[in-house]
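Under mature numbering (1 follows the signal peptide of the UniProt record, and there is no 0), read the sequence shown as residues -24 to -1, 1 to 174, first letter to last. Yeah, the Cβ is synthetic: ideal placement off N, Cα and C, and Gly gets one too. Note sheet for the following structure.
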Amino acid sequence: MKTNSFFKSAFSSVFILATSFSFAQDMPTSKDIKMDENTKINKSTETHPSKDIVFNTQNTKDLTTLTAAIKAADLTEKLQGEGPFTVFAPTDTAFEKLAQGTVNGLLEIENKEKLQAILTYHVLAGKFTSEDLIKAVKKGKGKTEFKTINGKILKAMFDGKNLKLIDETGHMATVTTTDAKQSNGIIHIINTVLSPGL
């Protein structure tokens, strides 16, 4: 079963967290997260921390699907707002993993409400840095839950190597890049589109 959803990535003060450690001993700090070998950072994912989430997505060529989705869902004004917001942004590659025709279908006007539900499932109210996320997982003894702005629950866990997000359907996304600062929040890049279980 493929997942549906929309949100993409952009950044400037992006960094990969990496070091080795034993999960059995304790949960890591944010600096202990080791991204997998498929993680790639390039200049096309850089953003301006003085600009808002929408500006940065519109001006990042890797975020064309996200930009189109935000516009189609009429979420531009919302994501230009004061916030702050934490966005888990799927890459273009993540969207390409969806079933053929899914993206185009969701961009149709008759699917606007469904698209809104998917996009807002990738957004938390408040600014959660990678350190905040790791602390929450540690407090929950390896797992925690966050309520997204659409009211659905998004789970987070640490698998001994990477920070993972688990959606309402049980599908999992890896956080591959963290802490892209925005004027109205923060973006973390993920490698899979999440579904609120529509």
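Spatial distance of residue i from residue j (CA atoms)
i                 : j                : result
serine 159        : lysine 131       : 26 Å
histidine 164     : phenylalanine 64 : 5 Å
glycine 146       : aspartate 135    : 15 Å
glycine 77        : isoleucine 85    : 15 Å
phenylalanine 122 : glutamate 107    : 15 Å
proline 66        : isoleucine 94    : 12 Å
isoleucine 129    : leucine 100      : 10 Å
glutamate 72      : threonine 43     : 15 Å
glycine 81        : methionine 148   : 23 Å
Residue i classed as buried or exposed, judged by whether at least 16 other C-beta atoms fall within 10 angstroms
i              : result
glycine 127    : exposed
residue 198    : The chain is shown only over -24 to 174; residue 198 falls outside these bounds and no answer can be derived.
asparagine 138 : buried
serine 26      : exposed
Per DSSP, cross-strand counterpart(s) of residue i
i            : result
histidine 98 : Answer by DSSP bridge pairing: none, since histidine 98 is not bridged.
leucine 91   : According to DSSP, which records beta bridges pairwise, leucine 91 is partnered with nothing at all.
alanine 156  : Ile163
threonine 62 : Leu100, Ile162
Residue i versus the options, residue with shortest Cα-Cα distance
i           : options                        : result
proline 60  : Thr124, Gly102, Lys157         : Gly102
tyrosine 97 : Thr62, Val113, Lys117, Ala70   : Thr62
glycine 173 : Glu144, Thr152, Ala156, Asp155 : Glu144
valine 169  : Lys37, Ala75, Thr154, Ala48    : Ala75
Within the region 73 to 154, note down every full alpha helix (DSSP H) run reaching 4 residues or more, in order along the chain. 78 to 82, 88 to 96, 106 to 115
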